[in-house]
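Below is one structure, written out as structure tokens, with a few remarks after it.
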Amino acid sequence: MNIWEAIKKNDIKYLKQIKTLSQNELIKEKENKPILHFAIENKVSKQIIQILISKGAKPNSKDNLGRNSLHIACLNTNISIEIIEYLIEKGVDINSKTNQNQTALHIICENQNPSFEIIKYLIENGVDINAKTRYSNLTALHIACENRNSSIQVVRLLIKKGININSKTNQNQTALHISCQNQNPSFEIIKYLIENGIDINSKTKDQNKTVLHIICENPNSSFKIIEYLIQKGININSKANQNKTVLHIICENQNPSFEIIKYLISKGIDINAKTYEDKNALHIICENQNPSFEIIKYLISKGIDINAKTYEDKNALHIICENQNPSFELIKLLVSNEIDINAKTNQNQTALHIICRKKNPSFEIIEYLIEKGIDINAKTNYNETGLHIACLNPNSSLEIIKYLISKGIDINEKTNYDEAALHFACFNQNLSFQIIDLLIENGVDINTKTNQNKTVLHTACEIQNPSFKLIKYLISKGVDINAKTNQNQTVLHIICENENPSFEIIKYLIEKGIDINTQTNYQNQSVLHIACQNQNTNSYFKIIKYLIEKGIDINAKTNENQTALYIACKNQNPSLEIIKLLIEKGIDINAKTYSKEKTALHIACKNENLKIEIIKYLISKGVDINAKSGYNNQTALSISIHYKRKDLIELLLMNDANILNLSKNRITNRFIKIFLKIYSINQDMNNLLNSNENFSDLTIQSNDEFKFNIHKLILLTRFDKNETILQKFIDICFQKTKEDIQIILNFLYTGFIYFPQIYQQLNQKVNINFLQIKNEQKEKEIKLIEFLNEIGIDSKWIEIKKGRKGIIKDLSKLYEENETKDFTIIISNEKQIKVHKLILFLRSELYKGMFLSVQDSSNKVHDYSRKTFETIQQLIYFLYFDKFEKKEIPKEIKEEFKDLKDYYQLNENSIIDLLLKF
1 MNIWEAIKKN
11 DIKYLKQIKT
21 LSQNELIKEK
31 ENKPILHFAI
41 ENKVSKQIIQ
51 ILISKGAKPN
61 SKDNLGRNSL
71 HIACLNTNIS
81 IEIIEYLIEK
91 GVDINSKTNQ
101 NQTALHIICE
111 NQNPSFEIIK
121 YLIENGVDIN
131 AKTRYSNLTA
141 LHIACENRNS
151 SIQVVRLLIK
161 KGININSKTN
171 QNQTALHISC
181 QNQNPSFEII
191 KYLIENGIDI
201 NSKTKDQNKT
211 VLHIICENPN
221 SSFKIIEYLI
231 QKGININSKA
241 NQNKTVLHII
251 CENQNPSFEI
261 IKYLISKGID
271 INAKTYEDKN
281 ALHIICENQN
291 PSFEIIKYLI
301 SKGIDINAKT
311 YEDKNALHII
321 CENQNPSFEL
331 IKLLVSNEID
341 INAKTNQNQT
351 ALHIICRKKN
361 PSFEIIEYLI
371 EKGIDINAKT
381 NYNETGLHIA
391 CLNPNSSLEI
401 IKYLISKGID
411 INEKTNYDEA
421 ALHFACFNQN
431 LSFQIIDLLI
441 ENGVDINTKT
451 NQNKTVLHTA
461 CEIQNPSFKL
471 IKYLISKGVD
481 INAKTNQNQT
491 VLHIICENEN
501 PSFEIIKYLI
511 EKGIDINTQT
521 NYQNQSVLHI
531 ACQNQNTNSY
541 FKIIKYLIEK
551 GIDINAKTNE
561 NQTALYIACK
571 NQNPSLEIIK
581 LLIEKGIDIN
591 AKTYSKEKTA
601 LHIACKNENL
611 KIEIIKYLIS
621 KGVDINAKSG
631 YNNQTALSIS
641 IHYKRKDLIE
651 LLLMNDANIL
661 NLSKNRITNR
671 FIKIFLKIYS
681 INQDMNNLLN
691 SNENFSDLTI
701 QSNDEFKFNI
711 HKLILLTRFD
721 KNETILQKFI
731 DICFQKTKED
741 IQIILNFLYT
751 GFIYFPQIYQ
761 QLNQKVNINF
771 LQIKNEQKEK
781 EIKLIEFLNE
791 IGIDSKWIEI
801 KKGRKGIIKD
811 LSKLYEENET
821 KDFTIIISNE
831 KQIKVHKLIL
841 FLRSELYKGM
851 FLSVQDSSNK
861 VHDYSRKTFE
871 TIQQLIYFLY
881 FDKFEKKEIP
891 KEIKEEFKDL
901 KDYYQLNENS
911 IIDLLLKF
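Residues 1 to 918 in the UniProt record's numbering are what the sequence shown spells out, letter by letter.
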């Protein structure tokens, strides 16, 4: 057993045996909890506390929250006063404060079971009665009034002992405010606070509330407390934030007390006072979910302004009508008390507009309002009458529409957008067909147009699932089938824009003589273009086929010169069936758009959702595979590379697509083959150099038997991806780093220092000035030999440097012989590696000397221009090393190369896959 377990078990015998508490025993380490805190939390006896203190426990030790043993004791709901007395007797700091500035008095007053005896004892022993907490500025009186378990005796004790009764929190709240906020405020405590001089009219900081506002907000408002506060002189007309009086606040309650409202009015509260939203008590009570008829009647009888308007210009009638279930009885009460029945809101709505807009408009209320003289033709800000609104409402009844017409509402009145009630009725899918019939029978203008020149037929076709019955009915009644909107759209355009078009309707419209070839104004679209851009391609195949059969212009072009084929290939759900149909019916497969000069193939390759079968079909039908767009000279292949479409790249290359299609550089597929072969040769060279075979030199031989020897280490430095070979050199050079050795070998081989930063580090290590060696010819070999000997490399390596010019010269001769196609690298044991001469040329980086030789031999004719050759070199260098050499090459070529590099990813599997394609 350890000391902590002994405390938990109240084991006095074990604890007495301890001589002195060790440092580890004074604090429970994981929780940083002093031993006395632990003991008190475990509700030990006074005797154990005494033993622990006698063994070295310190009453004033604090935990992470700044609490000493007295604070912890006061937190305990059933702490013994004897323990409190003993701790104080043993010198615990009675006025010590926690991190939140709480004293033991604050904590005991906050206790679920605050002890009157302990509070009294603390005060009598000098605790600071007026101490305030951090941030909230609470005194013990605030806390006691907030604690619903506090007794009147505690409050009396604190006040009698001199606590500041008018002390305020950081929100300017007195103890009276806090008492009134309680769920069940204590009349006894409130009365005692007032009798002892608390400021009854004090207001809170942010909300500007008196205690009367607070008590009236309480759903359990006590009439007795309200009556007492008013008797004691509280300002009954005081206004809180938003200009609310207590009458407004009572009326906001879900179930306002009629008794309290009557009492407030009897005591002179301003019945017509308005909030900052210009609402009086009548407006507020009418907003209630279930407004009380009795209260509203009483407010009117007491002279409340029945025609007062809110900031939205709403009177009580508007508000009642807006209610979820408007009360007919209340509407009659307001009207009978001469409320302005024709009053308008700031949106120019009367009560009739509001009722007609309701989810379940009441015929009974509409009939009553009209009988009482409401203006039936009143218009909203949008020029809507009650008829417009009723026709738009899906829950309107035939009875309501019929009644409005019978009472003389203007059936042809138009909104600000020139919409008639018939437009709204045709747009409303859920409205009874009988209502549309009723409007037409009563003389509505069937060819009326909106400000966008839409007829009711356009409107009927705009909805998600247009009614075939309605469309046939409107046409039978003489609506103009070829009427066009401001955008030159016929109803056929609109019906074809629908997500799920009705073939039956389209067929009917065409049979009735609609112009099939009309094109819109802005984009110059025919219905064929619109049909081809719809993603529901399964539904549209039949429609497109029918449109073509009926003579639609298959090669019609939009304002961007886009054909239906281009649009079909751009579709996010492209259909091979539709594309085949268009091509079979003679659409121009190679037509180009205006601004970017793209063909259908360009846009097809750009479409991520397009299946390869469509590209195969376009190629089989003679699409120009190498056509260039007017935008960056893009081809189908360059677009496919950019979008990383491996399947399309392979397909296009197999069909002789030019790899970059840059005519000025004449780069074709065979150079990609060179790039691919580099990898197989690189693998062969690495295998060779990584082998254990003992050989020193290689022979490079052309197919005309011209040959020369080259030290194998020259090739090793060029094929520097091989980690194992480089490690051998690291071993030779006494554990120099890989970078160090590469610099040395590059210098030996080329005479140049690469990687300047690494060179500086190397120079410091070996104390040799490479640049000086390079510039001072005479000293160069001596110092270099000394350096090589120092790091353990035989001085014969200098021969590599000396032999460089001869090797370059030999390679130059080989390159200039046009009939020489390949080199063979012959190993001393007769193994051979075939190498294309361009690969060795590029891979070995001897091109600087080579170019000089080519330049000097001006009478020689080569297959490639210097510029072309450099471009090829840059391509292969970039693909292999993932960077460009410091040369100027066109930006567009760089971008093309990067796209290509991203696609090929340079791994063995992708190389093998691609080799199979060539």
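No residue lacks a Cβ here, since even glycine has one placed at the ideal position from N, Cα and C. Fair warning: this is a prediction, and the values are worked out from it, not measured in the lab.
Exercise. Using the Cα positions of Y403 and I370, report the straight-line distance between them to the nearest angstrom.
Key: In a straight line, the C-alpha of Y403 is about 10 Å away from that of I370.
Practice problem: For K449, I'd like the list of residues in its chain whose CB is within less than 7 Å of its CB, leaving aside the five on either flank, ordered along the chain. | Solution: So the qualifying residues of the chain are D418 and T455.
Quiz item: By DSSP, does K28 sit in helix, in strand, or in coil?
Solution: Correct three-state label for K28: strand.
Quiz item: Roughly how many angstroms lie between the CA atoms of K628 and E597, to the nearest whole one?
Solution: Rounded to whole angstroms, K628 to E597 spans 8 Å at the Cα level.
Quiz item: Looking only at its own chain, which residues have a Cβ that is under 8 Å from the Cβ of Q50, when we skip the five neighbours before and after it?
Solution: If we look at Q50 and ignore the five residues flanking it on each side, its Cβ neighbours are Y86.
Practice problem: Could you tell me the distance, in whole angstroms, from the CA atom of N10 to the CA atom of S221? | Solution: Each residue's CA atom was taken as its position, placing N10 and S221 some 49 Å apart.
Quiz item: P34 bridges to which residues according to DSSP?
Solution: P34 pairs with I27.
Quiz item: Among N111, V154 and D93, which residue has its Cα nearest to the Cα of D128?
Solution: Cα-wise, what sits closest to D128 is D93.
Self-check item: Given E227 as reference, the closest of L157, H493, K191 and T245 once Cα atoms are compared
Solution: Its Cα nearest to that of E227, the residue K191 stands out among L157, H493, K191 and T245.
Quiz item: Is the CB-CB distance between I374 and I365 below 7 Å?
Solution: No, the Cβ-Cβ distance between I374 and I365 is not below 7 Å.
Quiz prompt | Given I304 as reference, the closest of E312, Y311 and A316 once Cα atoms are compared | solution = Measuring from the Cα of I304, the nearest candidate turns out to be A316.
Quiz item: Taking the alpha-carbon positions, what's the E560 to Q525 distance?
Solution: Answer to the nearest angstrom: the Cα atoms are 10 Å apart.
Quiz prompt | Opening and closing residue of the alpha helix (DSSP H) in which Y417 lies | solution = Run containing Y417: none; DSSP gives neither H nor E here.
Exercise. Rounded to whole angstroms, what's the CA-CA distance from I912 to I612? Just pull it up for me.
Key: Bear in mind that the predicted position of I912 carries a pLDDT of just 30, short of 50, making it too unreliable to give a figure here.
Quiz item: To which residues of the same chain is G66 closer than 6 Å at the C-beta, ignoring the five residues directly before and after it?
Solution: Only residues of its own chain outside the window of five on either side were considered, and among them T98 and N99 have a CB closer than 6 Å to the CB of G66, listed in chain order.
Quiz item: Quick one: is N534 buried, meaning 16 or more other Cβ sit within 10 Å of its Cβ, or exposed?
Solution: Buried, since its Cβ has 16 or more Cβ neighbours within 10 Å.
Self-check item: Local conformation of K332 per DSSP, three classes
Solution: In the three-state DSSP reduction, K332 falls in the helix class (H, G or I).
Quiz prompt | Per-residue DSSP class, three states only, for T459 | solution = Secondary structure of T459 (DSSP, three-state): helix.
Quiz prompt | Contact set for L229: own chain, Cβ-Cβ below 6 Å, skip 5 residues either direction | solution = The answer, listed in chain order, is L212.
Exercise. Could you pull out every residue in the same chain whose Cβ sits closer than 8 Å to the Cβ of I514, ignoring the five residues on either side in sequence?
Key: Closer than 8 Å at Cβ, skipping near neighbours: I481, N482, T490, V491 and L492.
Practice problem: Below 8 Å CB to CB, which residues in the same chain sit around S80 once its five sequence neighbours on both sides are set aside? | Solution: Once the five neighbours on either side are set aside, the close Cβ partners of S80 are K46.
Exercise. Kindly indicate which residue of Q523, K43, I619 and N465 has the alpha-carbon position closest to the one of I506.
Key: If we check each option's Cα against that of I506, N465 comes out closest.
Quiz item: Looking at the structure shown, is M1 part of a helix, part of a strand, or coil, going by DSSP?
Solution: Look at M1 here: in three-state DSSP terms it is coil, with no helix or strand label.
Self-check item: Buried or exposed (CB count within 10 angstroms, at least 16 for buried), Y566
Solution: Result: buried.
Self-check item: Secondary structure of K160, DSSP reduced to three states
Solution: Helix.
Quiz prompt | Own chain, CB closer than 6 Å to E399, minus 5 neighbours either side, in chain order | solution = So the qualifying residues of the chain are F363.
Quiz item: Are K477 and I440 close, meaning C-beta to C-beta below 7 Å?
Solution: Yes, the Cβ-Cβ distance between K477 and I440 is below 7 Å.
Practice problem: Within its chain, find whatever has a CB closer than 8 Å to the CB of I603; leave out the 5 residues flanking it on each side and keep chain order. | Solution: Result list for I603: Y566, C569 and K570, in chain order.
Quiz item: Between which two residues does the alpha helix (DSSP H) carrying R357 extend?
Solution: From DSSP, the alpha helix (DSSP H) with R357 extends over A351 to R357.
Exercise. Have a look at N498 and G551 and give me their C-alpha separation to the nearest angstrom.
Key: Between N498 and G551, the alpha-carbon positions lie close to 22 Å from each other.
Exercise. Could you check what DSSP says for I270 in three-state terms: helix, strand or coil?
Key: The question names Ile, but residue 270 is Asp in the sequence shown. In the three-state reduction of the DSSP assignment, D270 falls in the coil class, being assigned neither a helical nor a strand state.
Quiz item: Taking Cβ positions, are K8 and I53 nearer each other than 7 Å?
Solution: Contact: no.
Self-check item: Start and end residues, alpha helix (DSSP H) containing L528
Solution: Where L528 is concerned, the enclosing alpha helix (DSSP H) stretches over V527 to Q533.
Self-check item: Buried/exposed call for R645, threshold 16 Cβ in 10 Å
Solution: Counting the other CB atoms within 10 Å of its CB gives R645 a total of 16 or more, which places it among the buried residues.
Exercise. Reducing DSSP to helix, strand and coil, say where T204 ends up.
Key: In this structure, T204 counts as coil in the three-state DSSP scheme.
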